[in-house]
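Count the sequence shown with the working numbering and you get residues 120 to 375, in order.
Where a beta carbon is used, it is the ideal one built from N, C-alpha and C, also for glycine.
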Amino acid sequence: MLLEIKDVHRSFGGLKVHRGLEIGVEAGVIFAVIGPNGAGKTTLFQMISGLLPPDKGDIRYRGSSLAGLEPHSIALAGIGRTFQTPQLFADLTCLQNVMIGLHGRLKSGFLASGFRGRALRREEDWARSEAMQILDYVGLKNQASMLAGALPFGRQRLLEVGRAWAGKPNLLMLDEPAAGLNDVEIEGLKSLIRRMRAEGCTILLIEHHMGIVMDISDRIAVIHDGLCISTGTPAHVQHDPKVIDAYLGRGRGRAA
Ligand SMILES: Nc1ncnc2c1ncn2[C@@H]1O[C@H](COP(=O)(O)OP(=O)(O)O)[C@@H](O)[C@H]1O
Ligand SMILES: [Mg+2]
Numbered sequence: 120m121l122l123e124i125k126d127v128h129r130s131f132g133g134l135k136v137h138r139g140l141e142i143g144v145e146a147g148v149i150f151a152v153i154g155p156n157g158a159g160k161t162t163l164f165q166m167i168s169g170l171l172p173p174d175k176g177d178i179r180y181r182g183s184s185l186a187g188l189e190p191h192s193i194a195l196a197g198i199g200r201t202f203q204t205p206q207l208f209a210d211l212t213c214l215q216n217v218m219i220g221l222h223g224r225l226k227s228g229f230l231a232s233g234f235r236g237r238a239l240r241r242e243e244d245w246a247r248s249e250a251m252q253i254l255d256y257v258g259l260k261n262q263a264s265m266l267a268g269a270l271p272f273g274r275q276r277l278l279e280v281g282r283a284w285a286g287k288p289n290l291l292m293l294d295e296p297a298a299g300l301n302d303v304e305i306e307g308l309k310s311l312i313r314r315m316r317a318e319g320c321t322i323l324l325i326e327h328h329m330g331i332v333m334d335i336s337d338r339i340a341v342i343h344d345g346l347c348i349s350t351g352t353p354a355h356v357q358h359d360p361k362v363i364d365a366y367l368g369r370g371r372g373r374a375a
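What follows is the structure, given as structure tokens:
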């Protein structure tokens with residue numbers, strides 16, 4: 120397993136969000152996590168990325184526990200993510216936002232340095248062209264010089280995918296990437312996620328849009344009431360009586 124969530128518990132005050140969550144994610148798949156609003160999907164991402172500790176239990180990545188690691192160490196270990204509410208530098212261009220995502224891969228770090236020697240300039244040139252290719256990859260090439268804050272909300276999410284992709288993640292966690300996208304953009308997003316999988320990246324996906332989840336996922340975990348109540352292929356979870364009872368049965372296609 121690439122990622123193992125083992126007996127994870129997490130509460131906020133008296134609210135028990137997770138009470139023994141068990142999920143295993145194999146390498147190379149598109150793995151969706153679904154469950155009603157407030158089920159704790161984003162909280163799970165916060166715990167995996169080191170922004171929030173579990174109260175109990177363990178999260179293991181490539182066989183090692185992530186317990187106690189800082190978010191930047193987890194990112195350097197190959198876990199990238201986007202946020203439900205995009206976290207971009209609104210006053211920087213799209214290109215600059217992606218260049219910032221490249222910083223973990225730079226040697227001399229032109230971003231931090233006021234001194235612009237030749238090596239730094241070469242690195243900056245490399246970062247600029249790499250970032251341009253990534254913008255092209257996520258479908259934002261024509262917006263390279265636009266300020267991130269001026270992009271429509273849905274496209275800010277795509278820019279976040281680009282920034283995360285710049286870190287060459289092995290595991291990429293996307294928190295509701297389709298929110299705010301139109302139908303054409305959703306088709307583009309589906310193809311982008313499949314291309315990322317084809318390059319060997321494992322995708323952990325939170326998504327409200329059930330059409331996307333059922334179409335592109337290899338595996339789905341359904342969380343409900345603090346536990347994973349079903350895992351398997353889209354066909355398996357859709358027909359699992361536990362899932363139908365708990366969740367998909369009511370308002371099918373809208374909840375997530
Ligand atoms: N930092 C926090 N402090 C207090 N409550 C929180 C915090 N983060 C999440 N919650 C609560 O935990 C529950 C799960 O939230 P969340 O993980 O965002 O759910 P989901 O992403 O599945 O909709 C919600 O009831 C939410 O209000
Ligand atoms: Mg959420």
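In the three-state scheme derived from DSSP, where H, G and I count as helix and E and B as strand, C347 is classed as strand. For L214, the enclosing alpha helix (DSSP H) stretches over residues C213 to G220. A distance below 8 Å separates the beta carbons of G159 and I342. Excluding the 5 residues flanking it on each side, T350 has same chain C-beta neighbours closer than 6 Å at A340, in chain order.
Boundaries of the beta strand (DSSP E) around V127: L122 to F131. Secondary structure of H327 (DSSP, three-state): coil. The way I'd put it, the segment 257 to 273 does touch the segment 199 to 219; three or more beta-carbon pairs between them come closer than 8 Å. For F131, the Cβ falls inside the 7 Å cut-off from some heavy atom of ligand 1. Taking all protein chains shown into account, E295 has 16 or more neighbouring C-beta atoms within 10 Å of its C-beta and is therefore buried. When DSSP states are grouped into helix, strand and coil, D294 belongs to the strand group. Partner residues in the beta bridge of R138, as assigned by DSSP, are H128.
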